[in-house]
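**Q**
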Ligand code: MN
């Protein structure tokens, strides 16, 4: 069996946000996570479900043209393998093996368009840490979204 993949993209749109995408079948189930994931099990992050994306969308790193607000820059902040360990209406638990994120996480539905992303208390948990501030750059290019946006605009 081939492992499924996950990607977390950092996207400078109207508001800077992270897009968490988990492969389920042949699509990427997706949530917008304004503050991004955390390895601190005490931190609960809002995750707003958005439409499924194609597998190809998870490979995009670059600058979206014509975005109304924000620079449109997208970096692949993290990626790797995901194993879905629980998939029920209103709850998804999964184990990530990425460059920055690892171990078990859960997404729990708490409202109409409102889910919470939380890290499980396992060996990869890092209480008190702030991974998105510690490691802001792309796992593919090593660039931050600001560097990518500056490069695109400087031509
Ligand atoms: Mn987005």
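Numbering (this note's numbering), first residue to last: 946 to 1100. All C-beta atoms, glycine included, are put in the ideal place defined by N, C-alpha and C. Computed from a prediction, not measured in an experiment: that's the story for all the values here.
What does residue 998 pair with, by DSSP beta-bridge criteria?
**A** 973
**Q** Please identify the residue among 1091, 1061 and 1090 whose C-alpha is closest to the C-alpha of residue 994.
**A** 1061
**Q** Using a Cβ-Cβ cut-off of 7 Å (strictly less than) and excluding sequence neighbours within five positions of residue 1081, which residues of its own chain qualify?
**A** 1089
**Q** Out of curiosity, what's the CA-to-CA distance linking residue 1038 and residue 952?
**A** 16 Å
**Q** Cβ-heavy atom distance between residue 1023 and the ligand MN below 7 Å?
**A** No, the beta carbon of residue 1023 sits no closer than 7 Å to any heavy atom of the ligand MN.
**Q** Rounding to the nearest angstrom, what Cα-Cα distance links residue 1067 and residue 1092 in this structure?
**A** 34 Å
**Q** Go ahead and label residue 1004 buried or exposed: buried means 16 or more other beta carbons lie within 10 angstroms of its beta carbon, across all protein chains shown.
**A** Burial is judged here by how many other beta carbons sit within 10 angstroms of a residue's own beta carbon; residue 1004 has fewer than 16 and is exposed.
**Q** DSSP has residue 1027 in a bridge; who is on the other side?
**A** 949 and 1041
**Q** Just tell me which of 1045, 1075, 1043 and 1034 has its CA closest to the CA of residue 1052.
**A** The shortest Cα separation from residue 1052 among 1045, 1075, 1043 and 1034 belongs to 1034.
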